[in-house]
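Residue 26 is where the sequence shown starts when you use my numbering, and the numbers rise one by one after that.
Okay, so here's the structure we're looking at.
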Amino acid sequence: MSSDLPGEPYADDADDADDADANVPLSPEEREDIVVDLEDLEVYRTLLEPTGIKGIVIDCPDCETIHHIGWALMQSNLRQLLDEGITGLHEPPYDPDPAEYVTWEYARGYADGVVASESAID
Ligand SMILES: [Zn+2]
């Protein structure tokens, strides 16, 4: 667990209005989306990791940069988003090989294809 965060300023008083900016609560819909994303991500990782794919490519609207995010980091980012309403998505990866990362859309299409072929066999 990541309970080693330095000095959590809102640990003593969760209702402190000063934290509103840094710790915006997620709406139930946003939380639902993230939970679904986490479940999808687990499926994608299970399917794609054995083929040598190491993570997801995100075309980040904030930095206008392509981010290469490993499976584990992506999952911890989403969990962090659920738990704390923030994400460490912008952490720079160490020298990623673009060939080893796929877009979310590719992963979804791949998973759909696998599911389709499995039900076709049946
Ligand atoms: Zn970014």
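Each residue gets a CB set at the ideal place from its N, CA and C atoms; glycine is no exception.
For this session: Evaluate the contact criterion for the stretch 88-96 versus the stretch 56-64: three or more CB pairs, one atom per stretch, below 8 Å.
Result: no
Exercise. Along the chain, where does the alpha helix (DSSP H) that runs through D58 open and close?
Worked result: As a working mapping, residue 58 is identified with position 33 in the sequence shown. That run of the alpha helix (DSSP H) goes P53 to L73.
Problem set entry | T90, DSSP secondary structure in three states | As a working note, residue 90 is residue 65 in the sequence shown. Strand at T90.
For this session: Determine the closest residue to W129 out of E54, E109 and Y69, with distance taken between C-alpha atoms.
Result: Position 104 of the sequence shown, counted from the start, is the residue given in the question as residue 129. The shortest C-alpha separation from W129 is found at Y69.
Exercise. Is any heavy atom in ligand 1 found nearer than 8 Å to the beta carbon of I83?
Worked result: The residue given as residue 83 occupies position 58 in the sequence shown. Answer for I83: yes, Cβ within range of ligand 1.
Exercise. Under the criterion of a Cβ to heavy atom distance below 8 Å, does H92 qualify as lining ligand 1?
Worked result: Counting from 1 along the sequence shown, the entry for residue 92 is found at position 67. Yes, ligand 1 has a heavy atom inside 8 Å of this Cβ.
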